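What follows is a short report on a single structure.
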Amino acid sequence: MKVNIKIMVNGDPYFVQVSPFRTLLDVLREDIGLTGTKKGCGEGECGACTVLMDGKPVNSCLFLAVQAEGKEITTIEGLAAGNLHPVQEAFVAKGAIQCGYCSPGFILTAWALLKTNPHPTEEEITTAISGNICRCTGYQKIVEAILDAAQRLQGGVGNV
Amino acid sequence: MKDIAYLRPQILQEASDYLLAYPDAKLLAGGTDLILSLERKKVTPTHIVDLSGISHLNQVVFENGILRLGAMVTIQELHEIPIVRDKFPDIAVAAGHLGCWQVRNRATLGGNLANAAPSAEMAPPLIAHNAKVKLVSSQGERMLPLEEFFTGPGRTIMHQGEVLAEIIVPEPREGLEMRYSRHALRRSMDISVVNVVVHLQLKGEIVIDVKIVLGAVAPTPIRSKRAEEILVGKKLDNILISNAAQAASLECQPITDVRATAGYRRKMVQVLMERALYSFFKGGAALES
Ligand SMILES: Cc1cc2nc3c(=O)[nH]c(=O)nc-3n(C[C@H](O)[C@H](O)[C@H](O)COP(=O)(O)OP(=O)(O)OC[C@H]3O[C@@H](n4cnc5c(N)ncnc54)[C@H](O)[C@@H]3O)c2cc1C
Ligand code: FES
Ligand code: FES
Chain A
-6 MKVNIKIMVN
4 GDPYFVQVSP
14 FRTLLDVLRE
24 DIGLTGTKKG
34 CGEGECGACT
44 VLMDGKPVNS
54 CLFLAVQAEG
64 KEITTIEGLA
74 AGNLHPVQEA
84 FVAKGAIQCG
94 YCSPGFILTA
104 WALLKTNPHP
114 TEEEITTAIS
124 GNICRCTGYQ
134 KIVEAILDAA
144 QRLQGGVGNV
Chain B
-18 MKDIAYLRPQ
-8 ILQEASDYLL
2 AYPDAKLLAG
12 GTDLILSLER
22 KKVTPTHIVD
32 LSGISHLNQV
42 VFENGILRLG
52 AMVTIQELHE
62 IPIVRDKFPD
72 IAVAAGHLGC
82 WQVRNRATLG
92 GNLANAAPSA
102 EMAPPLIAHN
112 AKVKLVSSQG
122 ERMLPLEEFF
132 TGPGRTIMHQ
142 GEVLAEIIVP
152 EPREGLEMRY
162 SRHALRRSMD
172 ISVVNVVVHL
182 QLKGEIVIDV
192 KIVLGAVAPT
202 PIRSKRAEEI
212 LVGKKLDNIL
222 ISNAAQAASL
232 ECQPITDVRA
242 TAGYRRKMVQ
252 VLMERALYSF
262 FKGGAALES
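Residue numbers (our numbering), protein chains in the order written: chain A, -6 to 153; chain B, -18 to 270.
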């Protein structure tokens, strides 16, 4: 049985027909064509598939697409309006990206944190990103990038 | 994969009707346990009954000294809600240890309890608080202590057609202190190897009330009644603490699995018990993680 649903992604409505057991991750990537959201483990462990649901980070691999009806989904494609988003700029400036596979997930988690907590401590940052795994950077540069992003979002330039 | 039908009832009775009509239907809350089981084909339901359309299941009400938590309240909400942090700090702390932020934003309290993992994070503090669960079906409803809810790993006392609707927690008595501690192999994103919750009240140096609940060290979360008996009515001193900690570690029935051996779990129960009990000496020491 397929279900017709309307999902709001990055402010745009999408009408899709999905099987109830398809994950939001697969529907975003395969049906809607937004491949910025990555699939790592498929089991809620790595955070590569993080999207925001009504502003809160969730794992789209542990989320059935049918559950997204009536929710606002934000993917990495929805963050930059023309230019890079300040959080993305901070990740570039601080060298917090190597292979980049984890970056969409980290950036969305960081953005969700900074919206509710504009001046996080390092400890609050590491708690917030504990569901995101990076196999390249060793995390320190990611933490620095999020601290930098906090400054950029305050209108400061950040210490590049 | 076989065809699955998706149902999203608006009222509880309707959800119950579906469960009765379709014996192989499964309830869906946040999905953080269920979706993995679907993908691994551990469960193969014919119908998924999504509880998210039943609006009152998200409610949190604190009235006349009673906290009522709807089954669909998320773990992140439990971690953040001021009344929970203020009056039931061990519940808020336990919630903060479940999974990671992404998981907590989806995972629900009802799902955590109904899934009935021996390590279910939220069970020990709620049992220590004498929480009750309200089970609703189209035939009626019943209330029972959470302590009687679990019957084995992945098994509960719920009948076919019953839905866990609400968790009811009385406000702790004035002067009761609470400690939650967990041991996991990693600081975050890991299921507990051992969970220990101690509720204790001292009058001077005498223990006048105590409740001890252990998680992940038996087929279900358990009270350590022997340790409670050892402590109550006595002066809290080194020997008493050591005896109570030892009793708890003997009373649990841990298993060996990928995370830890049974012997290691027993030892950790003793260590966490001692730490928790010593912390009452200092009076009001922070909740441990
Ligand atoms: C990466 C990761 C880390 C995790 N870490 C932890 C951890 O540290 N500690 C921990 O305890 N758990 C952990 N979990 C497990 C899981 O997130 C929790 O058990 C969660 O609370 C389950 O809730 P849910 O709403 O997602 O349940 P679902 O997956 O929707 O449901 C779980 C089960 O309960 C049934 N059910 C759900 N709601 C009801 C209801 N109201 N009435 C009757 N039956 C119902 C469902 O049919 C299903 O069988 C983790 C999971 C992941 C993916
Ligand atoms: S792909 Fe979703 S958490 Fe790894
Ligand atoms: S940059 Fe490669 S995984 Fe993080």
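A virtual CB, placed ideally from N, CA and C, is assigned to each residue, including glycine.
Fair warning: this is a prediction, and the values are worked out from it, not measured in the lab.
Is it the case that the stretch 209 to 216 of chain B contacts the stretch 108 to 115 of chain B, given that we only count it when at least three CB pairs across the two stretches are under 8 Å?
Touching, no.
At 8 Å on the CB atoms, spell out the chain D contacts of GLN60/A, in chain order.
Absence of chain D from the displayed structure is noted, the protein chains being A and B.
For PRO97/A, which of helix, strand or coil comes out of DSSP?
helix
Tell me, please, which residues DSSP counts as bridged to VAL117/B.
GLU122/B and VAL144/B
For ARG128/A, tell me which candidate among GLY93/A, ASN52/A and ASN3/A has the shortest Cα-Cα distance.
GLY93/A
Could you please give me the residues that DSSP links to THR55/B through a beta bridge?
THR89/B
What did DSSP end up calling GLN147/A once you bin it into helix, strand or coil?
coil
Looking at the secondary structure, which residues open and close the alpha helix (DSSP H) in which PRO79/A lies?
79 to 86
Between ARG207/B and the rest of its own chain, which residues show a CB-CB distance below 7 Å, the 5 nearest in sequence each way excluded?
ALA228 and GLU232
Is the closest heavy atom of ligand 2 to the C-beta of GLN83/B under 8 Å?
yes
Taking 9 Å as the cut-off, decide whether the C-beta atoms of ALA88/B and ILE56/B are in contact.
Taking 9 Å as the cut-off, the Cβ atoms of ALA88/B and ILE56/B count as close.
Would you kindly work out how many angstroms separate the C-alpha atoms of LEU195/B and SER205/B, rounded to a whole number?
7 Å
Quick one: list the residues of chain A neighbouring ASP(-16)/B, beta-carbon separation under 7 Å, in chain order.
MET(-6)
Beta-carbon within less than 6 Å of GLY98/A's beta-carbon, same chain only, minus the 5 sequence neighbours each way: which residues are those?
GLY40, ALA41, THR43 and ASN125
Measuring CB to CB, does ASP19/A end up less than 9 Å from ALA58/A?
yes
Give me the subset of the stretch 74 to 97 of chain B whose CB atoms are less than 8 Å from a CB atom of chain A, sorted by chain position.
If the cut-off is 8 Å between Cβ atoms, the stretch 74 to 97 of chain B has GLY80, CYS81, TRP82, GLN83, VAL84, ASN86 and ARG87 near chain A.
Going by DSSP, what residues sit across from HIS291/B in a beta bridge?
Given that chain B is displayed from residue -18 to residue 270, the structure contains no residue 291/B and the question cannot be resolved.
Using a Cβ cut-off of 9 Å (strictly closer), state whether GLU36/A contacts chain B.
Yes, its Cβ sits closer than 9 Å to a Cβ of chain B.
For HIS78/B, list the residues DSSP reports as bridge partners.
The partner list for HIS78/B (beta bridge, DSSP) is empty, contrary to what the question assumes.
Quick check: the Cα distance between ALA266/B and SER260/B, rounded to an integer number of angstroms?
For ALA266/B, the predicted structure reports a pLDDT of 45, less than 50, and the residue's modelled location is therefore unreliable. A value from the coordinates is still provided. One C-alpha to the other measures close to 6 Å.
Starting from GLN10/A, trace the alpha helix (DSSP H) both ways and give me its first and last residue.
From DSSP, GLN10/A is part of no alpha helix (DSSP H) but of the beta strand (DSSP E) over 5 to 11.
What are the boundary residues of the alpha helix (DSSP H) that includes THR120/A?
115 to 121
Can you find a CB in chain B that lies within less than 9 Å of the CB of ALA121/A?
yes
Which chain A residues sit within Cβ distance under 7 Å of TYR161/B?
By Cβ distance, chain A contributes nothing, its closest Cβ being about 17 Å from TYR161/B, past 7 Å.
Among ARG22/A, VAL136/A, LEU45/A and GLY35/A, which has the Cα closest to the Cα of THR13/B?
GLY35/A
With respect to 8 Å, is the separation between the Cβ of MET139/B and the closest non-hydrogen atom of ligand 1 below this value?
yes
For ALA86/A, tell me which candidate among GLN147/A, ASN(-3)/A, SER12/A and ALA142/A has the shortest Cα-Cα distance.
ALA142/A
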